[in-house]
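If you're matching them up, the sequences are chains F and G in order. Count along the first sequence starting at 1, add 1220, and that's the number in our numbering. Count along the second sequence starting at 1, add 39, and that's the number in our numbering. All residues carry an ideal CB built from backbone N, CA and C; glycine is no exception. Here is the structure we will look at, set down as structure tokens.
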Amino acid sequence: MAGKSGLDDGKEFNPGAKPGYKTSYKKYRGIIISVALFLLLDASVLLFNFYVSFEIADDAVGVNLAGRQRMLSQRMAKTLLVLDASRDDPQTFKTAFDELQLSKGLFDQTLAAFINGGQVRGAGKEMVALAPVHNRLGKDSLLHTLELWRPYKNAIDLFTTDVQQNAATENSLAAAVAMARMHNLAILTSMNDLTVSLEQVAASKATRLRIIQTVGISLAIINFLFIMFHFLRQLRDSDRVIEKARRETTEILETVNEGLFLIDKNLMLGEQHSAKLVEVLGQQEFAGKSFQSLLENIINAKDAETARAFIELLFDPKVKEKLIGDLNPLSLVEVNIAQSNGGFLTKHLQFSFARAYQKNDGMQEISHVLVTVLDITEQVKLQRALNESRKHNESQLEMITGLLHTHPGLLREFIANSFNCFNRVNNILRQPAKTVQAVREKATSIFREVHNFKGEAASLKLEFFENAAHKMEDTLALLCEKRDLSGNDYLGLTVQLESLITYTQQVEHLTEKLGQFAVVSSTIPRGKAIANHRSDGWDHLNDFVQNIALRNGKMVKLVASGLSEINLDVDYQQKLKEICIQLLRNAVVHGIETPHDRELSEKPMVGRIDLRLAKVSETEMELTVMDDGKGLDYTAIRTQALSSGKWPEDEIESWTNKHLLGLIFHEGFSTAAEINKDAGRGVGMEAVMNHVLAQRGKISVSSRTGRHCRFVITLPIVYTLNREEIAA
Amino acid sequence: MSQETLQVFIDGVVRYFHHTNDKDVKVGTPYLVENNNPAAYDVTGIIGISGPYRGCVYFTAPRILLKHLLLSIGELDTSNEHIFDLVGEVANTISGNARSRFGHEFMISVPVMIEGAPNQIHLPAQMRSYVIPVYWKAYHAAVVICLEQ
């Protein structure tokens, strides 16, 4: 019985346990009976006490009256003697006579009441009831007194009659005095005996009362001790069982790897929960909290509402638990627990719900819903990392195929240049610009950077970079056209820049990995040709030219010479390369004709571009780019100048070819029919001019229509620091 | 991160300034900073973002701008406490705007105000942030957005 009680408070998860009044009655029957007995004992002792105390009170009246009898006997004797002595004093005689009458009446009345029971005047004026005396000694002394009293009383009556009839009293008084003298002592003794006997009766009753009280109280104490010891032991036993059960429950709740708690029909959390719950959901007061408010702080309100509806379904006994199991909106939920520093701690939790039943009047009733919370953040993260790495691998594979054709050295150089370019672009963006003009100028400056970048990407056939740069150019072109340009309009460009930087970082990461691979593979001795292959950074130009030619439907042969003969500074060489790229691109796109046109002009189908770098003096070099194409199209330049609307028409008409030639170095000037990756922005030649001017160089252009076009650029030489020389 | 998402945060700041008397607020050209060298002025109000994007967005401004701004909204007490409250208010406007635009998809924390730049708890060092300069009167402030998908 007690063993069950620990779980009988309706908190257990076990649906088979039996709660209810029957069990409690059984459990407490012993204690109820014992307590009832205890009260019964106390009550009977009390009742008896009352009864006896009333009796004792009656006895006390008896004792008192018996004592008065003694006194009355003596008073009668005394008054008779007084009467005898005061025959000549009528006043005293009268007083004594009245006293005698009173004493005699009282004595006689009381004596009769002692013998037969009846009403008698008490010590006060009130009437008291006297029960007949039953005890032997009392009875004997009463009978003895009665025997003595009768003649004595007759003598007094005779005297009384004489006095009342005013007859001579000498004889009758003398007879009464004689009677008093004869019986006075005996009567006194008898009345004394009566008093003593009555006192004895009262004392014996008091003794009995004490005994009974002692016994009653002792029994009550024994009963109490029994209750105490018996039930304390039972309580201790049941407490031990409860404690054991509680310890087990606590141990389970402390140890279990999930957050566990119960919620009731009102969606309030129960008093107990597992220790893990604190770890999963953060330190807070769970007991008595509503499940809604628990969720509201960590998931969005819509999901919390769905969860509430779901739990309400669980409390509906008409709904099958298994059927709605799949509807659990919290089976995998991302929660964001606000941190004190303003950030969020994101966890992935799995909530599962199970009905807990209780038997009530033989019916299974859903009492609670048991909620299990599992932190599956690690699993989710792992899964994501797996997916991420799969995706990453795929994109890396794609990247590798896009990069494989490029020489690793060139690629590294390209990446380094790219980051420099991105930094420059970012720096341009970073400069504070508050006027529309200043904001607009940024677009122009960035355009130059991006265009150069695009050229280099194209020269290495890095299509992704080329395309990305081209898209940025599109964005920039839109910005240039926009009226009321604001800083905010650059947001799209910055986003493009960011994604390009991210991509470039990935490529860099990949090339580092590939570089390691190359180190490993280069330890294997290979042919001398490969070992001697020194990447001077110029080889790709041919690829670049072929690539553009292919895209523009042309056939070109690049004849390059002298490019590696001068040990130029790395940055300077980079600038020179950018110039070459622009000029080569121009030559292919604008110079060389399509094979068909060449055939018509009786030229070889394959066009030729000469690229030559030559040292003119110790301090000067000359870069020549010459193509055997159609030469500069002055008509097209003039038309373009007219359509641009920048100059008055008649002024343009008067311009010489030389003047028109200057236009090709103008910003935004292009004769290309449409904008594509290779031409049309009108930025390339301007960039060349900027580079040359920056180095205080010169550009000369010569062209013969239908025959050739030649750019000769004279630049100072900036030597590289030869490390070997320094070492020597 | 998409341009639209960034725009929502920028709009939040612009919206705040539009409530002031001097509505002439300009947005500069956005640029990027590496998080190991975060951009910040004197006082910064940060809100944490979680959901499809996670990270933080903060508004940072020099004290002088904030004092001037306090005066322009009629607050004559330019104590530090008020300055912090003001930055918190701007941050709250940003988060309010984001909440109304993104809906319940995003969880946005209450603003945390600090002096100087946010630390690594808010800004993962290996990432970059967008800095959007905000020009108000003669002063420069900025909205900085660092979110990852």
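Would you list the residues sitting across from residue i in a DSSP beta bridge?
i              : result
residue 83/G   : 99/G and 153/G
residue 1575/F : 1589/F
residue 1567/F : 1555/F
residue 1868/F : Residue 1868/F pairs with nothing; no bridge assigned.
residue 1834/F : 1842/F
residue 1928/F : 1924/F
residue 1936/F : 1840/F
Contact criterion: CB-CB distance below 9 Å. Does residue i meet it with respect to chain F?
i             : result
residue 180/G : no
residue 107/G : no
residue 88/G  : yes
residue 55/G  : no
residue 93/G  : yes
residue 183/G : no
Nearest to residue i by CA position, among the options, is which residue?
i              : options                           : result
residue 1338/F : 1306/F, 1820/F and 1351/F         : 1351/F
residue 1214/F : 1539/F, 1511/F and 1540/F         : An answer regarding residue 1214/F cannot be provided, because it is not within the stretch 1221 to 1948 covered by chain F.
residue 1882/F : 1865/F, 1370/F, 1815/F and 1909/F : 1909/F
residue 1769/F : 1684/F, 1786/F, 1545/F and 1812/F : 1812/F
residue 129/G  : 116/G, 93/G and 181/G             : 181/G
residue 88/G   : 171/G, 151/G and 173/G            : 151/G
residue 85/G   : 42/G, 123/G and 43/G              : 123/G
residue 1780/F : 1791/F, 1578/F and 1760/F         : 1760/F
residue 1816/F : 1667/F, 1610/F, 1829/F and 1849/F : 1849/F
residue 1798/F : 1396/F, 1764/F, 1828/F and 1392/F : 1764/F
residue 1704/F : 1656/F, 1628/F and 1470/F         : 1656/F
residue 164/G  : 185/G, 51/G, 55/G and 145/G       : 185/G
residue 1600/F : 1574/F, 1567/F and 1632/F         : 1567/F
residue 1574/F : 1515/F, 1482/F, 1722/F and 1724/F : 1482/F
residue 1803/F : 1622/F, 1832/F and 1845/F         : 1845/F
residue 1792/F : 1828/F, 1822/F and 1841/F         : 1841/F
residue 1767/F : 1459/F, 1693/F and 1676/F         : 1676/F
residue 1968/F : 1924/F, 1873/F, 1854/F and 1914/F : Nothing about residue 1968/F can be reported from this structure: the residues present for chain F run from 1221 to 1948 only.
residue 1327/F : 1314/F, 1313/F and 1342/F         : 1342/F
residue 1931/F : 1832/F, 1382/F, 1875/F and 1868/F : 1832/F
residue 1906/F : 1672/F, 1596/F and 1694/F         : 1672/F
residue 166/G  : 54/G, 43/G, 93/G and 52/G         : 93/G
Check whether the Cβ of residue i lies closer than 9 Å to any Cβ atom in chain G.
i              : result
residue 1458/F : no
residue 1647/F : yes
residue 1659/F : yes
residue 1566/F : yes
residue 1715/F : yes
residue 1706/F : yes
residue 1650/F : yes
residue 1559/F : yes
residue 1613/F : no
residue 1718/F : yes
residue 1711/F : yes
residue 1579/F : no
residue 1654/F : yes
residue 1662/F : yes
residue 1522/F : yes
residue 1586/F : no
Can you pull the chain C neighbours of residue i, defined as C-beta to C-beta under 7 Å?
i              : result
residue 1502/F : Here chain C cannot be found, since the structure's protein chains are F and G.
Just to confirm the assignment: which complete beta strand (DSSP E) runs, minimum length 3, are found wholly within the stretch 1344-1429 of chain F? 1347-1350
Determine contact between the stretch 1431-1445 of chain F and the stretch 1259-1279 of chain F, defined as no fewer than three beta-carbon pairs at a distance below 8 Å. yes
Please confirm if the stretch 45-63 of chain G is in contact with the stretch 73-81 of chain G, defined as three or more CB-CB distances below 8 Å between the two stretches. The stretch 45-63 of chain G, when compared against the stretch 73-81 of chain G, does not touch it at the 8 Å Cβ threshold.
Fully enclosed by the stretch 1461-1498 of chain F, which beta strand (DSSP E) runs are 3 residues long or longer? 1479-1483 and 1489-1493
Do the stretch 1534-1543 of chain F and the stretch 1513-1523 of chain F touch if we need at least three Cβ pairs shorter than 8 Å? no
Assess contact between the stretch 165-172 of chain G and the stretch 67-76 of chain G, defined as three or more Cβ pairs (one per stretch) separated by less than 8 Å. Is contact present? Taking one beta carbon from each stretch, the stretch 165-172 of chain G and the stretch 67-76 of chain G have 3 or more pairs nearer than 8 Å; the two touch.
Please give me, in chain order, every unbroken run of the alpha helix (DSSP H) with length at least 4 that falls completely inside the stretch 1748-1819 of chain F. Runs found: 1748-1751, 1760-1771 and 1790-1806.
Give a yes or no on contact between the stretch 1674-1694 of chain F and the stretch 1646-1661 of chain F, applying the rule of three or more CB pairs nearer than 8 Å. no
Would you check if there are 3 or more beta carbon pairs closer than 8 Å linking the stretch 1691-1699 of chain F to the stretch 1658-1676 of chain F? yes
Any contact of the stretch 1271-1283 of chain F with the stretch 1419-1427 of chain F, i.e. 3+ C-beta pairs under 8 Å? yes
Quick one: complete beta strand (DSSP E) runs, 3+ long, within the stretch 157-181 of chain G? 167-175
Any contact of the stretch 1393-1411 of chain F with the stretch 1288-1304 of chain F, i.e. 3+ C-beta pairs under 8 Å? yes
Under 8 Å, with one C-beta from each stretch per pair, do the stretch 1612-1623 of chain F and the stretch 1500-1514 of chain F reach the 3-pair mark? no
Quick test of the definition: if touching needs 3 or more C-beta pairs under 8 Å, does the stretch 1439-1447 of chain F touch the stretch 1250-1262 of chain F? yes
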